[in-house]
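**Student:** Quick note on UniProt numbering: the sequence shown kicks off at 1 and runs consecutively. Below you will find the structure I want to go over with you.
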Amino acid sequence: MNKLHAQRSYQDRLTRVQAYIHDHLADDLDLNSLAEIACMSPTHWHRIYHGVFGETVAATVKRVRLHTAAGMLANSEIPIDDIAKRCGYPNLQSFTRIFSDSYGMPPARYRKEGSHRKFQNAVDEDQGALVSGPWDVEIRNVPEMSLLTIHHHGSFMQIGEAFDRLFGWLAVRGLVGPDIRLIGVYHTDPDSYREEDLFSRAGVLLENSQAVDVEVPVTRATVAAGRYACLRYKGPYADMRAAYLWLFGKWLPQSGEEVREGPVFEEYLNNPREVAPTELLTEIYMPLEG
């Protein structure tokens with residue numbers, strides 16, 4: 001087996017496992033079952049997975065389940081016990097304990113007091129009028145960025161699967177290094193499009209992006225140079241929708257700025273594999289005229 005064929009083989013098998021995890025959170029995702037999906041030896045395949053992605057399979061399952069559950073808590077009225085079942089927890093007590101360990105509060109309290117509420121509380125619910133909030137926005141001049149990307153269609157909350165696929169594609173080619181920058185590009189407004197019509201890109205910026213030979217599913221994409229409003233957000237990815245509502249609904253009308261045609265993008269400054277959800281740092285970039 002030549003090197004390129006071997007890379008594609010590992011990439012395909014590991015990607016298949018990740019897709020299965022994202023699509024079957026309610027199931028019993030044990031190591032042996034996932035090894036069968038990967039078509040690898042149960043003895044060795046999880047070592048390969050850990051070596052490629054930098055986290056164990058069990059850690060991936062835990063991370064994706066918690067992220068999905070947090071999104072449901074922050075952005076829906078689904079009962080908490082139903083969320084626990086949908087995300088594969090055996091009972092509400094187990095879900096509450098595991099969620100509290102990662103998010104610093106139990107699910108019911110998170111729904112009421114999570115970081116998404118800091119932005120939502122900037123809106124006067126009685127009048128619909130925007131009031132001041134504590135979030136600073138910085139105007140930045142951003143140079144053009146050439147990205148390697150994988151397309152994602154559907155809920156922005158599920159773009160993590162595309163990032164996992166992209167990370168695996170890079171890892172088996174030895175392209176993951178300390179200077180890699182993770183960029184999410186969001187082309188459609190989730191408040192204006194049906195969920196199935198949403199389009200985004202999971203992207204990376206490498207020092208030598210132009211020298212990389214790309215092949216399906218990876219494509220090239222460019223983030224246009226220009227002025228951007230940048231809001232630095234700290235907290236779970238699941239809570240960021242409220243930050244967008246604050247940025248577009250409060251800050252923009254009062255700023256004197258005009259939004260420019262083009263997608264918003266996010267840069268992820270730390271790694272959800274390495275830090276707690278409450279410690280995640282994200283910069284949200286809105287394109288501006290001028």
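Beta carbons are placed, not taken as given, at the ideal position from N, Cα and C, and that holds for glycine. In this text, all values refer to a predicted model and were calculated from it rather than measured experimentally.
Which residues in the same chain have their Cβ closer than 8 Å to the Cβ of Glu125, if we skip the five residues on either side of it in sequence?
**Tutor:** Residue numbering aside, residue 125 sits at position 125 when the sequence shown is read from its first letter. Confidence at Glu125 is low in this model, with a pLDDT of 46, below 50, so its placement is unreliable and no value can be given for it.
**Student:** Is Asp197 near the ligand ATP - that is, is its Cβ less than 8 Å away from at least one heavy atom of it?
**Tutor:** Absence of the ligand ATP is noted for the structure shown, with no ligands found whatsoever.
**Student:** Note down the Cα distance separating Ala84 from Pro277, rounded to an integer number of angstroms.
**Tutor:** Taking the first residue of the sequence shown as position 1, residue 84 is located at position 84. Taking the first residue of the sequence shown as position 1, residue 277 is located at position 277. So the two alpha carbons sit approximately 18 Å from each other.
**Student:** Arg220: which of Gly226, Tyr237, Leu231, Leu206 sits nearest, CA to CA?
**Tutor:** Taking the sequence shown and counting its residues from 1, the one referred to as residue 220 is at position 220. Here the closest residue by C-alpha is Leu206.
**Student:** Quick one: what does DSSP say Glu138 is sitting in, helix, strand or coil?
**Tutor:** In the sequence shown, counting from the first residue as 1, residue 138 sits at position 138. Correct three-state label for Glu138: strand.
**Student:** For Gly235, which of His67, Val17, Leu245 has the nearest alpha-carbon?
**Tutor:** As a position in the sequence shown, residue 235 is number 235, starting the count at 1. It is His67 whose Cα lies nearest to the Cα of Gly235.
**Student:** So Leu182 and Phe199 are supposed to be a Cβ contact under 8 Å. How far apart are they, rounded?
**Tutor:** Along the sequence shown, read from residue 1 onward, the residue named residue 182 stands at position 182. Along the sequence shown, read from residue 1 onward, the residue named residue 199 stands at position 199. About 18 Å separates the two Cβ atoms, so there is no contact after all.
**Student:** Whose C-alpha, out of Glu274, Ile284, Glu289, Ala38, is nearest the C-alpha of residue 299?
**Tutor:** Residue 299 lies beyond the residue range present for the chain, which begins at 1 and ends at 290; the question has no answer from this structure.
**Student:** Judging by CA-CA distance, which residue of Asn75, Gly51, Arg260, Ser255 is the nearest neighbour of Gly290?
**Tutor:** Taking the first residue of the sequence shown as position 1, residue 290 is located at position 290. Answer by Cα proximity: Arg260.
**Student:** So, at 7 Å on beta carbons, what are the nonlocal neighbours of Ser76 in its own chain, with the 5 sequence-adjacent residues on each side left out?
**Tutor:** Locating residue 76 in the sequence shown gives position 76, counting from the first residue. Closer than 7 Å at the Cβ level, and outside the excluded window around Ser76, lies no residue.
**Student:** Please work out which residues of its chain come closer than 8 Å, Cβ to Cβ, to Asp136, disregarding the five sequence neighbours upstream and downstream, and give them in chain order.
**Tutor:** In the sequence shown, residue 136 corresponds to position 136, counting from 1. Within the same chain, Asp136 has close Cβ partners Leu231, Arg232.
**Student:** Rounded to a whole number of angstroms, what is the C-alpha to C-alpha distance between Gly203 and Gln254?
**Tutor:** Taking the first residue of the sequence shown as position 1, residue 203 is located at position 203. Taking the first residue of the sequence shown as position 1, residue 254 is located at position 254. Roughly 31 Å between the two C-alpha positions.
**Student:** Cβ atoms of His46 and Gly160: under 9 Å apart, would you say?
**Tutor:** In the sequence shown, the residue the question calls residue 160 occupies position 160. In the sequence shown, the residue the question calls residue 46 occupies position 46. No. Outside cutoff.
**Student:** Does the count of Cβ pairs from the segment 178-198 and the segment 139-152 closer than 8 Å reach three?
**Tutor:** yes
**Student:** Let me make sure I understand the geometry here. Which of Ala225, Asn270, Leu175, Tyr10 has the alpha-carbon closest to that of Gln210?
**Tutor:** For the purposes of this step, residue 210 is taken as residue 210 along the sequence shown, with counting starting at 1. Selected option, being the one with the closest Cα: Leu175.
**Student:** Please specify which runs of the alpha helix (DSSP H), each continuous and at least 4 residues long, are wholly inside the UniProt domain "HTH araC/xylS-type" (15-113), giving them in chain order.
**Tutor:** Fully enclosed alpha helix (DSSP H) runs of 4 or longer: 31-38, 45-53, 57-75, 80-86, 92-103, 107-113.
**Student:** Taking all protein chains shown into account, decide if His44 is buried (16 or more other Cβ within 10 angstroms of its Cβ) or exposed.
**Tutor:** The residue given as residue 44 occupies position 44 in the sequence shown. Under this definition His44 is an exposed residue.
**Student:** Could you check whether Gly226 and Pro287 sit closer than 9 Å to each other, using their CB atoms as the reference points?
**Tutor:** Along the sequence shown, read from residue 1 onward, the residue named residue 287 stands at position 287. Along the sequence shown, read from residue 1 onward, the residue named residue 226 stands at position 226. Yes, the pair counts as a contact, with Cβ atoms nearer than the cut-off.
**Student:** Measuring straight from C-alpha to C-alpha, what distance separates Val142 and Asp30?
**Tutor:** Here residue 142 corresponds to residue number 142 of the sequence shown, with the count starting at 1. Here residue 30 corresponds to residue number 30 of the sequence shown, with the count starting at 1. Rounded to the nearest angstrom, the two C-alpha atoms are 44 Å apart.
**Student:** Between which two residues does the alpha helix (DSSP H) holding Ser255 run?
**Tutor:** By 1-based counting over the sequence shown, the position of residue 255 is 255. Note, Ser255: alpha helix (DSSP H), 252-255.
**Student:** Measure the C-alpha to C-alpha separation of His24 and Phe248 and round it to an integer number of angstroms.
**Tutor:** Counted from its first residue, the sequence shown places residue 24 at position 24. Counted from its first residue, the sequence shown places residue 248 at position 248. The alpha-carbon atoms of His24 and Phe248 are separated by roughly 35 Å.
**Student:** Name the residue from Gly104, Ala108, Tyr103, Lys112 whose alpha carbon lies nearest to the alpha carbon of Leu92.
**Tutor:** Indexing the sequence shown from 1 puts residue 92 at position 92. Considering only alpha carbons, the answer is Ala108.
**Student:** Per DSSP, what kind of secondary structure is Ile159 in: helix, strand or coil?
**Tutor:** Translated into the one-based positions of the sequence shown, residue 159 becomes position 159. In the structure shown, Ile159 sits in a helix (DSSP, three-state: H, G or I).
**Student:** Return the first residue and the last residue of the alpha helix (DSSP H) that Tyr244 is part of.
**Tutor:** Start at 1 with the first residue of the sequence shown, and residue 244 comes out as number 244. Here the alpha helix (DSSP H) through Tyr244 covers 240-246.
**Student:** In its own chain, which residues sit with a C-beta less than 6 Å from the C-beta of residue 291, not counting the 5 before and 5 after it?
**Tutor:** Because the chain in this structure spans residues 1 to 290, residue 291 falls outside the shown range and cannot be described.
**Student:** With Tyr233 as the anchor, note down where its beta strand (DSSP E) starts and where it stops.
**Tutor:** As a working note, residue 233 is residue 233 in the sequence shown. That run of the beta strand (DSSP E) goes 226-234.
**Student:** Whole angstroms is fine: what's the gap from Leu269's alpha carbon to Pro79's?
**Tutor:** Counted from its first residue, the sequence shown places residue 269 at position 269. Counted from its first residue, the sequence shown places residue 79 at position 79. For Leu269 and Pro79, the gap between their C-alpha atoms comes out near 32 Å.
**Student:** Please report how far the alpha carbon of Leu130 lies from the alpha carbon of Pro106, in whole angstroms.
**Tutor:** By 1-based counting over the sequence shown, the position of residue 130 is 130. By 1-based counting over the sequence shown, the position of residue 106 is 106. With a pLDDT of 43 at Leu130, under the threshold of 50, the predicted position of this residue should be treated as unreliable, though the coordinate-derived value follows. Rounded to the nearest angstrom, the two C-alpha atoms are 29 Å apart.
**Student:** Buried or exposed, going by whether 16 or more other CB atoms sit within 10 Å of the CB of Ala26?
**Tutor:** Along the sequence shown, read from residue 1 onward, the residue named residue 26 stands at position 26. By the Cβ neighbour-count rule, Ala26 is exposed, with fewer than 16 other Cβ atoms within 10 Å of its own.
**Student:** For Phe265, tell me which candidate among Phe156, Ala69, Ala74 has the shortest Cα-Cα distance.
**Tutor:** Mapped onto the sequence shown, residue 265 falls at position 265. Out of Phe156, Ala69, Ala74, Phe156 has the C-alpha closest to the C-alpha of Phe265.
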